[in-house]
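Quick note, the sequences are listed as chains A and B, same order.
Using the numbering used here, you'd call the opening residue of the first sequence number 1 and step up by one each time.
Using the numbering used here, you'd call the opening residue of the second sequence number 423 and step up by one each time.
Number of protein chains: 2
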Amino acid sequence: MVEKRTPIPVHEAVRKVMNVPIKQHGEDVHLHEVYGRTLAEDLVATHPVPPFDRSPYDGFAIISSDSTEATRDNPITFEVIETIGAGSVCSKKVQSHQAVRIMTGAQMPEECDAIVMLELAQAYTNEKGSFMTIKRSFPSGHNISYKGEDVTERTVLIEKGTRINPGTIALLATFGYERVKVAKRPTVGVFATGSELLELGDSLEPGKIRNSNTHMLLAQIERAGAVPHYFGSLPDEFELCFEQVKRAASQVDMLLTTGGVSVGDFDLLPDVYEKLGASVLFNKIAMRPGSVTTVAVWEDTLLYGLSGNPSACYVGFELFVRPIIRTIMNDPLPHLPKVKATLAEDVPKANPFTRFVRSTIQYQRDQIHVAPIGFNKSSAVSSLAKTDAFMVLPGGTRGFKTGDKVDVLLLETDRGSEWPWA
Amino acid sequence: MVEKRTPIPVHEAVRKVMNVPIKQHGEDVHLHEVYGRTLAEDLVATHPVPPFDRSPYDGFAIISSDSTEATRDNPITFEVIETIGAGSVCSKKVQSHQAVRIMTGAQMPEECDAIVMLELAQAYTNEKGSFMTIKRSFPSGHNISYKGEDVTERTVLIEKGTRINPGTIALLATFGYERVKVAKRPTVGVFATGSELLELGDSLEPGKIRNSNTHMLLAQIERAGAVPHYFGSLPDEFELCFEQVKRAASQVDMLLTTGGVSVGDFDLLPDVYEKLGASVLFNKIAMRPGSVTTVAVWEDTLLYGLSGNPSACYVGFELFVRPIIRTIMNDPLPHLPKVKATLAEDVPKANPFTRFVRSTIQYQRDQIHVAPIGFNKSSAVSSLAKTDAFMVLPGGTRGFKTGDKVDVLLLETDRGSEWPWA
Chain A
1 MVEKRTPIPV HEAVRKVMNV PIKQHGEDVH LHEVYGRTLA EDLVATHPVP
51 PFDRSPYDGF AIISSDSTEA TRDNPITFEV IETIGAGSVC SKKVQSHQAV
101 RIMTGAQMPE ECDAIVMLEL AQAYTNEKGS FMTIKRSFPS GHNISYKGED
151 VTERTVLIEK GTRINPGTIA LLATFGYERV KVAKRPTVGV FATGSELLEL
201 GDSLEPGKIR NSNTHMLLAQ IERAGAVPHY FGSLPDEFEL CFEQVKRAAS
251 QVDMLLTTGG VSVGDFDLLP DVYEKLGASV LFNKIAMRPG SVTTVAVWED
301 TLLYGLSGNP SACYVGFELF VRPIIRTIMN DPLPHLPKVK ATLAEDVPKA
351 NPFTRFVRST IQYQRDQIHV APIGFNKSSA VSSLAKTDAF MVLPGGTRGF
401 KTGDKVDVLL LETDRGSEWP WA
Chain B
423 MVEKRTPIPV HEAVRKVMNV PIKQHGEDVH LHEVYGRTLA EDLVATHPVP
473 PFDRSPYDGF AIISSDSTEA TRDNPITFEV IETIGAGSVC SKKVQSHQAV
523 RIMTGAQMPE ECDAIVMLEL AQAYTNEKGS FMTIKRSFPS GHNISYKGED
573 VTERTVLIEK GTRINPGTIA LLATFGYERV KVAKRPTVGV FATGSELLEL
623 GDSLEPGKIR NSNTHMLLAQ IERAGAVPHY FGSLPDEFEL CFEQVKRAAS
673 QVDMLLTTGG VSVGDFDLLP DVYEKLGASV LFNKIAMRPG SVTTVAVWED
723 TLLYGLSGNP SACYVGFELF VRPIIRTIMN DPLPHLPKVK ATLAEDVPKA
773 NPFTRFVRST IQYQRDQIHV APIGFNKSSA VSSLAKTDAF MVLPGGTRGF
823 KTGDKVDVLL LETDRGSEWP WA
């Protein structure tokens with residue numbers, strides 16, 4: 001019996017998935033463990049930066065009015081009364097025509113209002129003490145980094161949901177965030193289906209192939225920022241399959257299966273969803289590859305029936321799983337980033353469905369060029385490794401020509417996008 | 423005493439670092455642990471893909487010549503003699519006007535040379551057995567995925583040095599690479615210097631600031647793919663400092679310190695390098711920020727004296743440390759990728775030195791636009807978190823205007839670049 005399925009447009013499928021209520025949790029993690037995680041709350045400045053007026057250079061702190069008359073012909077000499085390094089404060093009250101030798105980052109002596117860079121002063125010591133001479137004047141405020149000029153206290157520096165990069169970590173450290181509230185990473189389970197699948201270490205057998213999708217998915221889950229959990233292969237026997245899916249689904253936030261969602265006699269997932277009482281959001285999408293991608297909701301868990309086809313499986317993950325993972329992690333830009341690119345070769349064949357073509361981008365001067373990769377059947381596993389973008393070709397009656405501007409979804413970037421669909 | 427240092431151009435500094443002999447090692451790692459690592463040897467196809475002729479669809483395998491006469495008015499009926507799922511092989515010899523019900527991915531029966539998609543056949547069962555009828559002809563080879571059409575055996579699929587992405591993992595799994603030879607990640611040690619530095623949990627004190635650079639560097643090291651090791655803070659006392667640097671340097675592949683490389687009285691690193699007998703490659707670069715970046719070689723270890731300034735430290739890492747880390751990991755494109763971008767706002771101030779301006783890029787249609795971020799003093803820690811690119815502005819007497827095309831180095835991407843310097 002061939003079941004009739006009604007395909008829905010890609011953007012509608014994405015919307016249905018995004019409308020499923022999800023739960024977000026935060027957790028406290030040490031600063032050294034948060035690279036790549038997302039902030040679960042705004043990063044707020046706990047004090048001004050700089051926290052005090054300071055010298056950005058090695059040099060001498062002076063009272064600027066003492067320097068007004070200094071010229072090449074009229075050098076002015078200052079007594080150097082103290083030397084302060086970064087981290088120290090001046091212990092003396094600076095008087096007129098006195099200077100303080102000051103290191104980069106050190107706090108300005110209270111009475112001083114200008115810094116003379118080391119190179120612009122002539123320093124010397126004699127029996128009377130330490131001195132330095134300048135041959136030009138310095139205005140008030142010269143070479144001072146003022147308290148709060150970089151950041152004022154209570155400023156929201158980085159919004160909740162931002163992916164933490166090395167610069168974010170510098171900020172967190174500056175404000176003393178030893179532990180950081182980050183979004184808890186969802187756990188995503190993966191099952192392979194299909195008795196044609198051999199495990200990694202197995203030798204090839206007639207008719208069989210090695211399971212590659214699940215391992216690929218584990219890496220896609222990791223790239224998206226979630227925690228992958230591999231449950232192994234499901235048998236092609238309904239009751240066993242049902243029990244295993246049910247048990248696994250209660251342990252994870254999302255459960256992915258690959259294969260078993262077509263209309264073939266051995267495609268058990270549709271029946272498993274039915275017996276679970278899961279609500280099927282869709283089971284056919286007007287796209288290539290990945291048209292059989294099925295998403296269902298059971299209790300709090302999203303069940304994804306991804307295609308058994310490597311490329312279809314890959315696309316299904318990036319379009320429908322990634323944005324949920326990123327949303328659970330508070331990311332306001334959960335989708336793949338979309339850019340326009342110039343097509344670098346013809347894609348002559350028309351297709352009635354929206355196509356996601358495995359592609360690679362090149363930056364040529366200030367433009368992005370995109371070319372499909374190799375052999376574009378949905379089973380072509382060899383091209384996935386070189387794929388760093390999907391070209392999105394709208395369905396229609398015509399092909400596409402070199403030079404056409406096309407939409408491209410970027411894969412290997414930390415960026416995201418709000419809603420890339422029309 | 424102000425030491426005179428001679429600045430060298432950026433590209434010369436990079437070249438000097440890249441010319442230091444480095445050691446590359448491989449290690450065997452389980453497939454589930456290799457995401458983000460780099461291949462230490464070429465990935466070679468251990469068998470053809472597909473490994474046998476197979477059906478890309480659910481349907482019926484037939485002998486195509488049996489279908490030649492089939493039309494809407496002349497339907498032709500086939501006896502369905504067996505059903506094979508993916509992973510099974512046909513046990514019977516297919517005769518003329520016999521068909522085999524075949525699932526996606528299953529091996530073609532030897533005698534068959536075309537697949538009829540399920541939707542194009544009318545299947546029925548009666549007391550005589552199972553049958554299916556077609557109303558059109560199918561040419562030989564129709565809907566068959568041929569053995570080796572995707573990949574032939576012994577093909578080099580991915581070159582040594584490639585960063586492993588989810589697609590690479592699918593390939594590795596397909597060919598049964600349960601363990602993968604990947605490049606050993608170098609260990610990079612980090613010291614903070616400067617008694618002005620408070621630790622993360624400390625309250626602010628007059629004149630002092632919290633150590634942020636080292637935590638930032640640990641994340642930069644992680645982003646570049648290496649293993650960070652934090653050694654804590656160095657004291658401002660020479661002998662202690664020397665001993666700690668010497669001990670640490672012998673434990674890691676690279677040792678980074680931040681601060682202590684200027685010409686201030688408390689900048690001890692130059693003397694440490696001298697006492698070690700390390701060979702200093704350079705200690706002044708014609709660039710902003712980061713001009714005091716110092717690199718020395720001691721025995722097998724690269725010693726980096728990065729600026730204590732957050733932005734200068736950040737830039738110094740990306741220009742001089744990252745490419746070495748990536749090279750040790752066999753990456754043939756170890757440098758930050760360089761693209762051209764359109765300047766989105768004026769940068770009026772001229773500067774005699776090459777500047778690396780903290781910036782953010784935007785994709786506008788198929789062009790890349792770049793804008794400097796906020797406040798561009800080298801101490802401005804708040805801008806680093808929003809930085810995803812450096813604008814490279816050549817030194818000279820003029821500023822730059824909106825619309826100018828400028829070079830940009832991208833930070834948040836897995837891509838690399840061969841030699842981005844003129």
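Note that the Cβ used here is the ideal one computed from N, Cα and C, for glycine as well.
State the CB to CB distance for the pair residue i and residue j, rounded to an integer number of angstroms; the pair is presumed to be in contact (CB under 8 Å).
i         : j         : result
A:Arg-136 : A:Thr-71  : 7 Å
A:Thr-193 : A:Val-227 : Incorrect: roughly 22 Å between the Cβ atoms, too far for contact.
B:Thr-824 : B:Asp-768 : 6 Å
A:Ala-106 : A:Arg-54  : 6 Å
A:Ile-361 : B:Pro-473 : In fact, because the Cβ distance is near 32 Å, the residues do not count as touching under 8 Å.
B:Gly-730 : B:Gly-682 : 7 Å
A:Lys-181 : A:His-25  : Between A:His-25 and A:Lys-181 the Cβ distance is about 10 Å, and since that is not below 8 Å, they are no contact.
A:Pro-310 : A:Asn-211 : With 8 Å as the limit, A:Pro-310 and A:Asn-211 do not qualify as a contact, their Cβ atoms being about 10 Å apart.
A:Pro-348 : A:Gly-395 : About 15 Å separates the two Cβ atoms, so there is no contact after all.
B:Arg-576 : B:Val-466 : 6 Å
B:Tyr-599 : B:Leu-453 : 6 Å
A:Leu-255 : A:Leu-303 : 5 Å
On the DSSP bridge assignment, give the partners of residue i in chain order.
i         : result
A:Ser-233 : A:Ala-192
A:His-369 : A:Thr-342, A:Gln-362
B:Gly-727 : B:Thr-679, B:Thr-716
B:Ser-839 : B:His-757
B:Pro-650 : B:Val-610
A:Gly-59  : A:Ile-102, A:Met-117
B:Val-779 : B:Met-813
A:Ile-221 : For A:Ile-221, which the question treats as bridged, DSSP gives no partner whatsoever.
A:Thr-38  : A:Arg-163
A:Met-287 : A:Thr-354
A:Glu-279 : A small correction: the amino acid at residue 279 of chain A is Ser; Glu does not occupy that position in the sequence shown. Looking at the DSSP assignment, A:Ser-279 forms a beta bridge with A:Val-297.
B:Leu-465 : B:Ile-580
A:Arg-210 : A:Leu-198
A:Gly-85  : Answer is none; A:Gly-85 lacks a bridge partner.
Do residue i and residue j have their C-beta atoms closer together than 8 Å?
i         : j         : result
A:Cys-241 : A:Leu-217 : no
A:Phe-238 : A:Asp-271 : yes
A:Glu-82  : B:Tyr-457 : no
A:Ala-341 : A:Ile-368 : yes
A:Phe-356 : A:Ala-13  : no
A:Ile-169 : B:His-637 : yes
A:Leu-234 : A:Gln-244 : yes
A:Leu-410 : A:Phe-400 : no
A:Thr-257 : A:Phe-191 : yes
A:Phe-131 : A:Glu-79  : yes
A:Met-103 : A:Gly-129 : no
B:Ala-811 : B:Val-830 : yes
B:Thr-835 : A:Glu-412 : yes
A:Ala-286 : B:Leu-622 : no
B:Arg-459 : B:Ile-537 : no
A:Arg-326 : A:Ala-224 : yes
B:Leu-619 : A:Gly-167 : no
Contact criterion: CB-CB distance below 8 Å. Does residue i meet it with respect to chain D?
i        : result
A:Phe-52 : Of the protein chains in the structure, A and B, none is chain D.
Hey, is residue i close to the ligand COA, as in C-beta under 7 Å from one of its heavy atoms?
i         : result
A:Thr-152 : Ligands are entirely absent from the displayed structure, and the ligand COA is therefore not among its contents.
(request) Within the region 515-579 of chain B, note down every full alpha helix (DSSP H) run reaching 4 residues or more, in order along the chain. (result) Fully enclosed alpha helix (DSSP H) runs of 4 or longer: not present.
(message) With three or more C-beta pairs closer than 8 Å as the rule, is the region 481-491 of chain B touching the region 548-566 of chain B?
(response) Three or more Cβ pairs drawn from the region 548-566 of chain B and the region 481-491 of chain B lie within less than 8 Å of each other, which places the two stretches in contact.
(request) Could you name each continuous beta strand (DSSP E) segment of 3 residues or more that falls completely within the region 730-776 of chain B, going from the start of the chain to the end? (result) Note on the region 730-776 of chain B: whole beta strand (DSSP E) runs with a minimum of 3 residues are 760-765, in chain order.
(request) Pair every Cβ in the region 717-726 of chain B with every Cβ in the region 153-166 of chain A, then say whether three or more of these pairs are closer than 8 Å. (result) As far as the Cβ criterion goes, the region 717-726 of chain B does not touch the region 153-166 of chain A, which means the pair count is below three.
(request) Flag this pair as touching only if the region 832-840 of chain B and the region 754-765 of chain B have three or more C-beta atom pairs under 8 Å; answer yes or no. (result) Contact holds: three or more Cβ-Cβ distances are below 8 Å.
(request) Mind the definition here: the region 303-323 of chain A touches the region 9-24 of chain A only if three or more C-beta pairs lie below 8 Å; say whether that holds. (result) When Cβ pairs closer than 8 Å are counted between the two stretches, the region 303-323 of chain A is seen to touch the region 9-24 of chain A, the count reaching three or more.
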